[in-house]
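Visitor: Chains as they are written, first to last, in the numbering used here: chain A, 12 to 366; chain B, 12 to 366.
Where is the CB? At the ideal position from N, CA and C, for every residue including glycine.
Encoded as structure tokens, here's the structure I'll be asking about.
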């Protein structure tokens, strides 16, 4: 039976990407060696790194003056690297959920932190829109997509201070006006690659302005000046990322990714809104295209486990909601075909017909 | 033609390990999903993580009271994590080369650093043996194997203060008395796995003693308390490590790895010492079993490029020496079969016969 992987992350990747990565692990380009046993200083891997950085820039239309870095440690490490590199006195954070809070917590070790707004009182069901960013903040940090709550900030904000965004779970799902950001970062394991590599897009001119000494590996300038090759980079995760970037380009780029994301999400949200047995959890103006969260309607609450088992039997994988929200979460990243969402909708309709 | 991969890292791994990793990238255990698209919170991956930690402990005979961590960022990130977690006032470092110096440099950001000895004046051709570690140092840091210079410290030192070792390039090549160490760390991309995961063996009781606040991801306690699952770990590199650990066990464990390493190294050093065209660069009492460095003897200096090309034609990969030493470096990690070294020796003898 065909399985549809709606897991929140590590998550679905195009089958071609997984196949190409597996092939490179056995014999890379007919060289008689696996890519994993080749020095990162070879011409062969340098070409992988260069192409990945170039394609990354091309697909997002990244302007001159920005560096694209591939580093290790995950987005969680960025939570402290951002303030280490950018926070001299004060930083502003928008609190839209668990990951935003974790980022904010790390910043407090480095200076004053202003939480400009929070939707915590409503269990993060919406993205706050009314707030003021202090004009004297060193930067303003946002989390564009909140996987747990299924909310997403899909526009590029006009910020009075340098804008920093965690785009771990919606990068490459829409065109982004990178010029509006000072720094964008994220873990790769949603729309980009296997777990094990973190991407950072950084405007070079914002670096080097804090007075504290920065450990070498935590200083973005180290990685920018060495093209992400200061130390041995995570070779296979970067190769896997390159395969995804090529796939995105071949499919038509980020505009096409956005078209598909909208098509998938509209189909599923329409069913959630139509089907009396289910209810969406995120406010409509904040609904994520990437993580679609829903619960059983109040009068069907006791059928939650039954629906989960029913959907799993039909091949739906990873749709159990996060414990902070409950119910269900269908993550619809770039690699999810429309057929997957259709299968889930069919599931919901069949379950409705049975009850 | 069979290629023999003598590269210094990322480097040779057992073919079975590469094959098993590639297979998991396509379909994991017949589940119809790639391991790279599965949540790290699944029972399936938890089993991988648990088994990797257990086997790691079993193979090295790690006593109670130690945690084994798998994190991202590489050994270079550990250079600052070690002092962040352990350096309150003063640390002692043994300077045996580029990597030791890099580790020492990071420690200076956190407190006083005493370089107890250095072989820099002799281009790091030996491991210093005569020095005193200050009794009031918070820890003493060593680099057990120096890939660039081909030197190795193969005994477990008695240190008057907690001993910290970078074993990036010789872990699992010999039995180690872990009880003599407070912390052992290393990048995986020599004897353990593909690049992208760092291992840390840490004695739990040495943590939590410094007064500075530590960013969450840089605090070893974060990873120890969450079994390396505080954030998404590098799933595929950890799976690859597990395959290597299983392979080491199946081959007879670290005692057998050491027997093979000695056999390989004795064969190659004997040829270097016998063959008048070549000369070993490391002092005999400090010779590494992992990275065997040699140059052309003075009277044959102008044949260096010719020998390199000759060896490459015969299938030798990655034997060009590091620019700091020149000449040749044959890295003989665990996965290098004796046949590879025999092929290199044959190469050297054939070259000698031709001149």
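If you measure from the beta carbon of residue 88/B to each beta carbon in chain A, is any gap under 8 Å?
Guide: Cβ-Cβ to chain A under 8 Å: yes for residue 88/B.
Visitor: Who are residue 353/A's beta bridge partners in DSSP?
Guide: Bridge partners of residue 353/A: none, in fact.
Visitor: Are the C-beta of residue 16/A and some C-beta of chain B separated by less than 8 Å?
Guide: At least one chain B Cβ lies under 8 Å of residue 16/A.
Visitor: Could you check if residue 143/B is buried or exposed, using at least 16 other CB atoms within 10 Å of its CB as the buried criterion?
Guide: By the neighbour-count rule (16 or more Cβ atoms within 10 Å), residue 143/B is not buried but exposed.
Visitor: Comparing the C-beta of residue 44/B with each C-beta of chain A, is any distance below 8 Å?
Guide: Yes, its Cβ sits closer than 8 Å to a Cβ of chain A.
Visitor: Cβ closer than 7 Å: which chain B residues qualify as neighbours of residue 36/A?
Guide: What residue 36/A touches in chain B: 29, 32, 33 and 36.
Visitor: Would you say residue 300/B touches the ligand MG, meaning its beta carbon is less than 7 Å from a heavy atom?
Guide: Among the components of this structure there are no ligands whatsoever, and the ligand MG is therefore not found.
Visitor: Residue 351/B CB to nearest chain A CB: under 8 Å?
Guide: Judged by the 8 Å Cβ criterion, residue 351/B is not in contact with chain A.
Visitor: Could you confirm whether any beta carbon from chain B is found closer than 8 Å to the beta carbon of residue 62/A?
Guide: No, no contact with chain B.
Visitor: Run down chain B in chain order and give the residues with a C-beta less than 9 Å from the C-beta of residue 243/A.
Guide: Correct list: 20, 21, 85, 86, 87, 198, 200, 206 and 207.
Visitor: Beta-carbon within less than 8 Å of residue 245/A's beta-carbon, same chain only, minus the 5 sequence neighbours each way: which residues are those?
Guide: Around residue 245/A: 81, 83, 207 and 208.
Visitor: Run the CB neighbour count on residue 171/B, radius 10 Å, all protein chains shown included, and call it buried at 16 or more, exposed below.
Guide: Residue 171/B comes out exposed.
Visitor: Using only the alpha-carbon positions, how far apart do residue 291/B and residue 168/B sit?
Guide: If you take the alpha carbons of residue 291/B and residue 168/B, they lie about 26 Å apart.
Visitor: Verify the CB distance criterion: does residue 98/B have a CB-CB separation below 8 Å to chain C?
Guide: Annotation note: the requested chain C is absent from the structure, which comprises protein chains A and B.
Visitor: Is there a Cβ of chain B sitting closer than 8 Å to that of residue 234/A, yes or no?
Guide: It does not; no Cβ of chain B falls within 8 Å.
Visitor: Does DSSP put residue 142/A in a helix, in a strand, or in coil?
Guide: Correct three-state label for residue 142/A: coil.
Visitor: Taking the alpha-carbon positions, what's the residue 146/A to residue 222/A distance?
Guide: One C-alpha to the other measures close to 20 Å.
Visitor: Thinking C-beta only, is residue 322/A closer than 8 Å to residue 279/A?
Guide: Going by C-beta atoms, residue 279/A is not nearer than 8 Å to residue 322/A.
Visitor: Mind listing the chain B neighbours of residue 108/A? Cutoff is C-beta to C-beta under 9 Å, in chain order.
Guide: Those within 9 Å of residue 108/A in chain B number zero; the least Cβ separation is about 15 Å.
Visitor: Taking 8 Å as the CB-CB limit, is residue 51/A close to chain B?
Guide: Taking Cβ atoms only, chain B reaches closer than 8 Å to residue 51/A, which makes this a yes.
Visitor: What are the start and end residues of the beta strand (DSSP E) that includes residue 154/A?
Guide: Its beta strand (DSSP E) spans residues 151 to 154.
Visitor: From 253/B, 117/B, 166/B and 183/B, pick the residue whose C-alpha is nearest to that of residue 58/B; which is it?
Guide: That would be 253/B, whose Cα lies nearest to the Cα of residue 58/B.
Visitor: Could you tell me how far apart the beta carbons of residue 315/A and residue 338/A are, in whole angstroms, since I believe they sit closer than 8 Å?
Guide: Contact flag correct, Cβ pair sits at about 7 Å.
Visitor: Short of 8 Å in beta carbon distance, which residues of its chain neighbour residue 264/B, apart from the five on each side in sequence? Order them along the chain.
Guide: The answer, listed in chain order, is 70.
Visitor: Just checking: is the beta-carbon of residue 282/A within a distance shorter than 8 Å of some beta-carbon in chain B?
Guide: So, not an interface residue.
Visitor: Taking 8 Å as the CB-CB limit, is residue 329/A close to chain B?
Guide: Yes, residue 329/A lies at the interface with chain B (some Cβ there is under 8 Å from its Cβ).
Visitor: Does chain B have any CB closer than 8 Å to the CB of residue 273/A?
Guide: So no, residue 273/A is outside the interface.
Visitor: Is any beta-carbon of chain B found at less than 8 Å from that of residue 224/A?
Guide: Yes - at least one Cβ of chain B is within 8 Å of the one on residue 224/A.
Visitor: Within its chain, find whatever has a CB closer than 8 Å to the CB of residue 241/B; leave out the 5 residues flanking it on each side and keep chain order.
Guide: Only 227, 228, 233 and 234 meet the Cβ criterion.
Visitor: Under 7 Å Cβ to Cβ from residue 204/A, same chain only, skipping five residues before and after it: list those, please.
Guide: Answer for residue 204/A: 248, 251, 252 and 255, listed in chain order.
Visitor: Is residue 98/A closer than 8 Å to residue 122/A when the C-beta atoms are compared?
Guide: It is a contact, given that the beta carbons lie within the stated cut-off.
Visitor: What distance in whole Å lies between the Cβ atoms of residue 161/A and residue 298/A, which are believed to be in contact at a cut-off of 8 Å?
Guide: Contact flag correct, Cβ pair sits at about 7 Å.
Visitor: Could you tell me which uninterrupted beta strand (DSSP E) segments, each at least 3 residues in length, are contained entirely in the segment 33 to 105 of chain A, listed from first to last along the chain?
Guide: You should have 77 to 82.
Visitor: How many Å lie between residue 90/A and residue 125/B at the Cα?
Guide: Each residue's Cα considered, the two are about 32 Å apart.
Visitor: In the DSSP assignment, find the unbroken alpha helix (DSSP H) run with residue 264/B in it and report its ends.
Guide: Note, residue 264/B: alpha helix (DSSP H), 264 to 285.
Visitor: Would you call residue 407/A buried or exposed, if buried means 16 or more other Cβ atoms sit within 10 Å of its Cβ?
Guide: Lying outside 12 to 366, the shown extent of chain A, residue 407/A is not represented and no answer is given.
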